[in-house]
Structures are given as structure tokens and as C-alpha cells.
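Be aware that the sequence shown starts at -5, since it is given in the working numbering, and climbs by one per residue. Here the structure is laid out as C-alpha cells; the discussion comes afterwards.
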Amino acid sequence: MRPKFAFADGDNSIGRILLAATLLCLPALRPMMAQTTCKFEDLGTLGGDTSMGHAINNNGQVVGVTSLGVPYDPQSMFGFLYSNGQMTVLRTLGGPYSNGLAINDYGQMVGAAATETAQKGTPVVFETNNTWNLTFPPHRPGEGGAGQANGINNNFHIVGAAQVKNLSVHAILWGKDLKVIDLGTFGGNTSTANGLNNRHQVVGAADLASGVSHAFLYDSKTKSMTDLGTLGGNSSSASAINDNGDIVGTAQKKNGQKHGFIYTGGKMWDLGTLGGNFSEALGINSTGQIVGDSTTSDGEQHAFLFVDGVMTDLGKFGADGIFNAGTGINDNGQVVGYAQVATGVTHAVICTLQGEER
-5 MRPKFAFADG
5 DNSIGRILLA
15 ATLLCLPALR
25 PMMAQTTCKF
35 EDLGTLGGDT
45 SMGHAINNNG
55 QVVGVTSLGV
65 PYDPQSMFGF
75 LYSNGQMTVL
85 RTLGGPYSNG
95 LAINDYGQMV
105 GAAATETAQK
115 GTPVVFETNN
125 TWNLTFPPHR
135 PGEGGAGQAN
145 GINNNFHIVG
155 AAQVKNLSVH
165 AILWGKDLKV
175 IDLGTFGGNT
185 STANGLNNRH
195 QVVGAADLAS
205 GVSHAFLYDS
215 KTKSMTDLGT
225 LGGNSSSASA
235 INDNGDIVGT
245 AQKKNGQKHG
255 FIYTGGKMWD
265 LGTLGGNFSE
275 ALGINSTGQI
285 VGDSTTSDGE
295 QHAFLFVDGV
305 MTDLGKFGAD
315 GIFNAGTGIN
325 DNGQVVGYAQ
335 VATGVTHAVI
345 CTLQGEER
């Protein structure tokens, strides 16, 4: 089944009119217990207590972060790749930290890693047996260097954030041949790029001159940055974009609450919540299935799936656990994220969707 949020690559106008009509006919976007459920795979850890999954590609490979067992510091976290049922560590640059944040369909991975001298995260590319620095804008001696790479597409274009020469953090695009492009801001000091698609479009958040941050869409072909606005409040941030140009993220409402959104057809739509006062949309696949997390009426944090105007609670994890957040979804209906398992610790998990939405 093709969800209403997905459009053909050609003329999208009819599809977008249908989407608008669908949303406007709903009195509210309410959580609903649809027939969709999860078949879970607990990815475990590399010896420690904790792991979290951050991204999944169309081959089911996952990157994230995990703690290690003795003799490592239990507070130190290291990136991981999960592939073919095996979790392997992503190397640092000599420091005590790494984090796998994105992976493309070719298995190329990016994130952050600490160096031996600076002991802080810097944008990196991970390979099976190697980790290497991405270059970023020039700095005066002793300045800058901190940052992380948040996304990578199938063209080996990478986005993230890094300190620029005035020590502000700016959204960065590593484009063709890894040429460094500073995307700038809307007049403020800070910006970050959180995701990109395979059509030269980048999304993230950038400060206005007033200091508040708004979600943006950057088009690499036209070199233009568009302010996506908010849901009536002050701030917003975009998390992900699919190849249809549909964007998801989080925005503040007039009442101050922050809700997940989809931006499509030139308009931002409120996805609602699972009964609480907060939600965030973190991932969207090519068919328009959206995942994220939301508070429930009793204050718990649950993962959700949003399709066809319906937000479905995916929070049940086994008999006693909670699926807290879906951080990404691939085109095969596999949702990556993290769950509180029965022992109370947090583990990276894959939820393979079962039922109506498969």
C-alpha cells in the first residue's frame, strides 16, 4: 500500500491537493491504535549496559552508539555498526568517544569521534577498519574543530555541523569530492544540517538574527536556503527529508508545545501526539512513513508510526519494556531506535512493521 504522503516523481500537484484535503477533513490528528505492530530484534551491546540505534539503511544495516564492558569506562560510549546479526565497534581518532549517526545504502558511515589530543567530537567517516577526519572551514591556530556528521546520501555527499573560524557552529555540506560548503544561517550565530536526500536537498535548523532557530531547506543546485517557519510558535528544526522532498521535524506551537511535523506542498502540518504535550518526527522513508517519539497521556515516551493521518503507538516492547523512540525507517518497513528493556536499561532495537502498514 502506498501512503497518501508519497508522490510520484512527476507532477505532484494532484497528490499534494489530496494530502491537503485529507488533513483538512480530520478534526484533529489523533493517536489511534491501528493494526500495525512490531516484530522486535534487540541488538544488545558490546559488553556494557546501554546502546541506541540512530540510523538504518535499505539493507537493514544499523549504526548507533553503545557502551563497552570491562576494562572500559562504563560512561564512555562508542559507535557501532550492526550488520548480518553482528555488532562491531567504530573506531575513534585516539580519544574516548565515537558515535555512528548515519549510513547509506552502500554501507558508508559517518558520525563523530574524539581525537587523542582534543578529546572532543569531530566530523568523521567510518570504514570497517579505519576512521578518518572530514575537513571543515579554516580556523585560526587553536580554534575550532568540534562538530559531527549527521547524514550521508548514496552520492557520498555528507552533512553535519562544525565550528567555523569565529567559533560559531554552522551547518556544513561536504559535496562533490567532499568540497566543504558552509551553509550559513538566517542572520544568527548557529546552524546545523541534520539530513539530506539524493536530490541535492539538505534540511536542518538555523538561527535568525533574533536568536530563535527555524527549520530550513537548502537546495544545493540553487544554493538557496528556505525558512520553513513554525507551527505558530518561535522555533522549529527539520530532521529528515526523503527523495520526494517531504520533510519531517519538530516545531513549536502557539501554546509553547513542541510537536512533530511534516512539511509538504509548501505547508507545515502538525502530526499531533500520543496524548501528551510533546512529539518529534525523526525519520521518513520513500513511501512517506514517518517515525519518531511522543509523550503519552501518562507522561511516558513512546515510539510512533505516522501514516495516512494516523499516529500509531509502537511503545509496547515485550511484556515489560517500552519502545521509546523510532529514530529512522527504511523502505522495507524496518524502524531503528531504542527501547527500555525489562531490566530497565536502554538497548538499540529494530522494529520490523507487521500488519496494515506492510
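Using N, Cα and C, we set each Cβ at its ideal position, and we do this for glycine too. Since we're looking at a predicted model, the values are computed, not measured.
Within its own chain, the residues whose Cβ lies closer than 6 Å to the Cβ of glycine 89, once the five positions on either side in sequence are excluded, are Ala108, Thr109, Glu110, Gln113, listed in chain order. For phenylalanine 72, the uninterrupted beta strand (DSSP E) segment begins and ends at 71 to 77. The alpha-carbon of aspartate 176 is positioned some 6 Å away from that of alanine 165. The criterion of a C-beta distance shorter than 8 Å is not satisfied by serine 231 and threonine 220.
Between the beta-carbon of asparagine 228 and that of glutamine 251 there is about 12 Å, and that puts the pair past the 8 Å contact cut. Leucine 161 is classed as exposed because its beta carbon has fewer than 16 other beta carbons within 10 Å across all chains shown. In this structure, DSSP gives lysine 310 an extended state, which the three-state scheme calls strand.
Bounds of the beta strand (DSSP E) holding glycine 58 are 56 to 62. If you draw a 10 Å sphere on the C-beta of tryptophan 263, you find 16 or more other C-beta atoms in it, and that means buried.
Selection Thr340, Thr290, Gly349, Gly182 evaluated against glycine 47 yields Thr340 as nearest (Cα-Cα). In this structure the region 314 to 323 lies against the region 291 to 306, because at least three pairs of beta carbons, one per stretch, are closer than 8 Å.
Taking all protein chains shown into account, asparagine 249 has fewer than 16 neighbouring C-beta atoms within 10 Å of its C-beta and is therefore exposed. Nearest C-alpha to aspartate 99 among Thr122, Asn52, Ser61: Asn52.
Excluding five sequence positions before and after asparagine 78, none of the CB atoms of its chain fall closer than 7 Å to its own CB. Phenylalanine 180 is bridged by DSSP to Leu202. Inter-residue distance for glycine 58 and leucine 37 is about 10 Å (C-alpha atoms, whole angstroms).
Going by C-alpha positions, valine 174 is about 20 Å away from glutamate 121.
Under DSSP, the beta-bridge partners assigned to leucine 268 are Thr290.
The alpha-carbon separation between asparagine 279 and glutamine 328 amounts to approximately 10 Å.
By DSSP's assignment, glutamate 274 forms a beta bridge with Asp287.
With fewer than 16 other Cβ atoms from the protein chains shown falling within 10 Å of its own Cβ, glycine 349 counts as exposed. Take the alpha-carbon of threonine 281 and the one of tryptophan 126: they are about 34 Å apart. Look at lysine 170 here: in three-state DSSP terms it is helix. The alpha-carbon of valine 104 is positioned some 13 Å away from that of leucine 87. Around the beta carbon of leucine 172, fewer than 16 other beta carbons lie within 10 angstroms, which makes this residue exposed.
With respect to valine 304, glutamate 35 sits apart: the two C-beta atoms are not nearer than 8 Å.
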